[in-house]
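*Asks:* What follows is a single structure, and I will ask about it in a moment.
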Amino acid sequence: MTEPRDKHPDLNELLMGIVDEGALPLAARRHLRECSSCRAEKERFEAGLAQIGRLASAYVPKPDRTVSPPAKQSITHFFSVPLWKMALTGALLVLLGVPLFLGLNSRKSPSPPNLTALLREMSEDERFRGEIVSLGQSVLPGLFLDLTEEPDSTFEEGFMEYVVPIPGAEDVSGEGRKGGGVC
Amino acid sequence: MVYFRLHSKMDAEDVTQEVFLQAFRKLAQLREPHHFRTWLLRITVNQTRDFLRKRRLLSWVGIGSREPNEEPLEQHQDHGPDGMEVLLRKEFWELLKRLVGALSRWEREVFLLRYLDHMPIKDIAAVLNKSDSTIKTHLYRALTKVKNDPVFLSICEGA
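So the sequence lines, in the order shown, correspond to chains A and B. Just so you know, this note's numbering puts 90 at position 94 of the first sequence, and the rest follows in order with no gaps. Take the position in the second sequence, starting the count at 1, then add 8; the result is the number in this note's numbering.
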């Protein structure tokens, strides 16, 4: 089914044709090709747009300034520096660098150790440690000190064996255990 | 192209210089040499946009209040046109500014690239990093706004 030939596309369709003629329906495209008035309308619109572009190009002021690219910097640029400049720079670096290097080195080197002071400091440390140990012992209550001492001095060995049985002891002796522990 | 957006010869020259300097510096990053034109135009669009943004910001804080059309008329006489041409030129830029001033940002950008910079849709899409259909939509909307504008109608009559 084709569109009737006398149906002219409206202005919006014409604009669509200006933007992208391929987006128009086939009938509208055919109509634009065949209808002289529609074609003239479209061309008039396009001519107006083209006129804007022409006037803009014509009325742009000519540039006064020319843009030139910066000089190419390459490795040869370094070697293009005159020799006397390089020598002068090197000499200045040496003059500034050597005292700086020496100054830093002298600051960094450690002074010889003072042996007397070192021994005195060690003996002070030793005394301080002793004070800490004696303070810890005196602070603890007497009962605690008894418990932490050797158990043999307070409890008999048989009692301790009864409280804490040694596994395998009865096998060695060949006797059955009578007590069986605390529990 | 830059002047179409800035309407100031001096600013346009500054931005153009910056565009070429940036292009020169980043030339090594261009992977496909046959896209050079699009690449350069993208730099131009971005630089121009940045410049306009800075100018607007400076104008807002009150540091620079110079409007683009405040350029003295004598500057247009550098190349010796007669008085009538100077007036016509000035009038044209004022009309064009009014014409594209009614468009949204993207409509204006697409319109300028299409009809003042004479770029095809595909290139505009590449420059603005958008799809062809988006560009066509913006252009269509721009034309629907422009079609009944008295400025445009007067230009059409003169064509």
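No residue lacks a Cβ here, since even glycine has one placed at the ideal position from N, Cα and C.
Could you check the C-alpha separation between Leu81(B) and Arg50(A) for me, to the nearest Å?
*Replies:* Its pLDDT being 45, under 50, Leu81(B) is placed unreliably in this model, and the value from its coordinates should be taken loosely. Near 22 Å, if we compare the C-alpha coordinates of Arg50(A) and Leu81(B).
*Asks:* Go through its chain and collect everything with a Cβ distance to Ile181(A)'s Cβ below 8 Å, but skip five positions before and after it.
*Replies:* Outside the shown range of chain A, which is -3 to 179, sits residue 181(A), and nothing can be said about it.
*Asks:* For His126(B), return the contacting residues in chain A, with the cut-off set at a CB-CB distance below 7 Å.
*Replies:* For His126(B), the chain A residues whose C-beta falls within less than 7 Å of its own C-beta are Gly49, listed in chain order.
*Asks:* Less than 8 Å between CB atoms is the rule here; does Leu7(A) satisfy it with respect to chain B?
*Replies:* yes
*Asks:* If we call anything under 8 Å between Cβ atoms a contact, is Thr52(B) one with Val118(B)?
*Replies:* no
*Asks:* Express the C-alpha separation of Leu11(A) and Thr145(B) in angstroms, rounding to a whole number.
*Replies:* 11 Å
*Asks:* Name the chain B residues whose beta carbon is nearer than 7 Å to that of Gly198(A)?
*Replies:* The question about residue 198(A) has no answer, for chain A in this structure spans -3 to 179.
*Asks:* Please confirm whether Gln55(B) and Gln30(B) have their CB atoms less than 8 Å apart.
*Replies:* yes
*Asks:* Nearest chain B C-beta to Arg25(A) closer than 8 Å, yes or no?
*Replies:* no
*Asks:* Starting from Lys153(B), trace the alpha helix (DSSP H) in both directions and tell me its first and last residue.
*Replies:* 140 to 154
*Asks:* Measuring only between beta-carbons, confirm whether Ile163(B) sits less than 8 Å from chain A.
*Replies:* yes
*Asks:* Quick one: measure Cβ to Cβ for Ile48(A) and Tyr148(B), integer angstroms, because I've assumed they're closer than 8 Å.
*Replies:* The pair is not a contact, with the Cβ atoms about 17 Å apart (cut-off 8 Å).
*Asks:* Against chain B, which members of the region 29 to 48 of chain A pass a CB distance test of less than 9 Å?
*Replies:* Arg40, Phe41, Ala43, Gly44, Leu45, Ala46, Gln47, Ile48
*Asks:* Going by beta carbon distance, what residues of the same chain come within less than 6 Å of Glu21(B), once the five residues before and after it are set aside?
*Replies:* none
*Asks:* Taking Phe44(B) as the query, report the chain A residues whose CB atoms sit under 8 Å from its CB, ordered along the chain.
*Replies:* Neighbours of Phe44(B) on chain A: none; closest Cβ ~15 Å, over 8 Å.
*Asks:* From the beta carbon of Val15(A), is the nearest beta carbon of chain B less than 8 Å away?
*Replies:* Judged by the 8 Å Cβ criterion, Val15(A) is in contact with chain B.
*Asks:* With distances taken from CA atoms, which of Pro158(B), Gln25(B), Glu165(B), Val154(B) is nearest Leu7(A)?
*Replies:* Of Pro158(B), Gln25(B), Glu165(B), Val154(B), the residue nearest in Cα terms is Val154(B).
*Asks:* Specify, as a first and last residue, the run of the alpha helix (DSSP H) that Lys3(A) falls within.
*Replies:* Unbroken run through Lys3(A): none, as it is neither H nor E.
*Asks:* With a threshold of 6 Å on Cβ separation, who are the neighbours of Asn77(B) within its own chain once the five nearest residues in sequence on each side are excluded?
*Replies:* Low per-residue confidence applies at Asn77(B): pLDDT is 48, beneath 50, and the placement is therefore not dependable enough to give any value.
*Asks:* To be precise: take each residue of the region 131 to 144 of chain B, compare its Cβ to all Cβ atoms of chain A, and keep it if any distance is under 8 Å. Which residues remain?
*Replies:* Lys144
*Asks:* Check whether the region 134 to 141 of chain B and the region 102 to 110 of chain B touch, using three or more Cβ-Cβ pairs below 8 Å as the test.
*Replies:* no
*Asks:* Please name the residue, chosen from Leu161(B), Ile163(B), Met92(B), Leu151(B), that lies closest to Asp16(A) on a Cα-to-Cα basis.
*Replies:* Leu151(B)
*Asks:* Could you work out which residues of chain A lie near Trp101(B), taking near to mean beta carbons separated by less than 9 Å?
*Replies:* Ala52, Tyr55
*Asks:* Which residue wins for smallest C-alpha separation from Gln25(B), given the options Pro59(A), Arg25(A), Met82(A), Lys3(A)?
*Replies:* Pro59(A)
*Asks:* On the CB-based measure, 16 or more other CB atoms within 10 Å of its CB, does Asp58(B) come out buried or exposed?
*Replies:* exposed
*Asks:* Mind checking if Met82(A) is an interface residue toward chain B, Cβ cutoff 8 Å exclusive?
*Replies:* Chain B places no beta carbon closer than 8 Å to that of Met82(A), leaving this residue out of the contacts.
*Asks:* Where does Phe97(A) land, buried or exposed, given buried means 16+ other C-beta within 10 angstroms?
*Replies:* exposed
*Asks:* Does Thr152(B) get closer than 8 Å to chain A when you measure Cβ to Cβ?
*Replies:* Interface residue, yes.
*Asks:* Name, please, each residue of chain A whose Cβ falls closer than 8 Å to the Cβ of Leu147(B).
*Replies:* Val15
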